[in-house]
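In what follows, a single structure is set out as structure tokens and then discussed.
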Amino acid sequence: MPPTSQELSLLINPLVPESLQHNNRVLTQLHSLTSFLLGLTAGILALQSATGFIFYLLGTITVSGLFHAALIYRSTGKGAGGFFPGAGGEIEGLVVRGDGIVKDAGRGTRKGAWRDVWFGGGVLGEALSGFVLGWAGVGGVLR
Numbered sequence: 001m002p003p004t005s006q007e008l009s010l011l012i013n014p015l016v017p018e019s020l021q022h023n024n025r026v027l028t029q030l031h032s033l034t035s036f037l038l039g040l041t042a043g044i045l046a047l048q049s050a051t052g053f054i055f056y057l058l059g060t061i062t063v064s065g066l067f068h069a070a071l072i073y074r075s076t077g078k079g080a081g082g083f084f085p086g087a088g089g090e091i092e093g094l095v096v097r098g099d100g101i102v103k104d105a106g107r108g109t110r111k112g113a114w115r116d117v118w119f120g121g122g123v124l125g126e127a128l129s130g131f132v133l134g135w136a137g138v139g140g141v142l143r
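Each residue of the sequence shown is one higher than the one before, counting from 1 in our numbering.
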């Protein structure tokens, strides 16, 4: 039985669990710290209700975009796929020919790895609660 595309992807470009844990931890710390700082800033600026959450959304998009740009620069154009697993670790564009030779028809990027950067690291979970904590704390102290 021929190997699946996910198995081929992991053989060609293996993912080391310790490295993935480290990368996810760094991303989580980045999002947590920046969202808390965004919360402090929103409290200092006295932003209220929807304006504060729009501020959080724009700040998170900016930080994720800068982090993603740094990953693209660091990986020489391959993107987040070199650092995050994406959708099951599968590399886009792998083609197995009839004689069993694997050909990389794409750029060698992992499918869906960009989602790990933009939505991973607790953007809508722990980071959001840190934002609200900083926002309410500073907003309450200053009033």
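Built from N, CA and C at the ideal position, the CB exists for glycine as well.
Residue i versus residue j: straight-line alpha-carbon distance, rounded
i, j, result
"A80", "R143", "43 angstroms"
"G122", "V26", "12 angstroms"
"L20", "D116", "11 angstroms"
"R74", "V141", "41 angstroms"
"G52", "P17", "37 angstroms"
"T41", "G120", "23 angstroms"
"T34", "L66", "12 angstroms"
"G137", "N24", "28 angstroms"
"A105", "G77", "Only weak support is given to the placement of A105: the predicted model assigns it a pLDDT of 49, under 50, and the question is left unresolved by the model."
"L45", "V132", "14 angstroms"
"W118", "I61", "8 angstroms"
"A144", "W114", "Any property of residue 144 remains undetermined from this structure, which presents the chain solely from 1 to 143."
"L71", "L58", "20 angstroms"
"L128", "A50", "14 angstroms"
First through last residue of the alpha helix (DSSP H) which encompasses residue i
i, result
"S35", "17-44"
"V117", "113-119"
"G130", "126-142"
Integer-rounded CB distance, given that residue j should sit under 8 angstroms from residue i
i, j, result
"Q130", "S64", "Checking the sequence shown, residue 130 turns out to be Gly, not Gln. No, G130 and S64 are not in contact; Cβ-Cβ is about 15 angstroms, not under 8 angstroms."
"G125", "G39", "About 15 angstroms; that fails the 8 angstroms criterion."
"G43", "G139", "4 angstroms"
"L47", "F36", "The Cβ separation is near 15 angstroms, so there is no contact."
Those runs of the alpha helix (DSSP H) which lie wholly inside the region 44-86 and span at least 4 residues: As far as the region 44-86 is concerned, its whole alpha helix (DSSP H) runs of at least 4 residues are 49-74.
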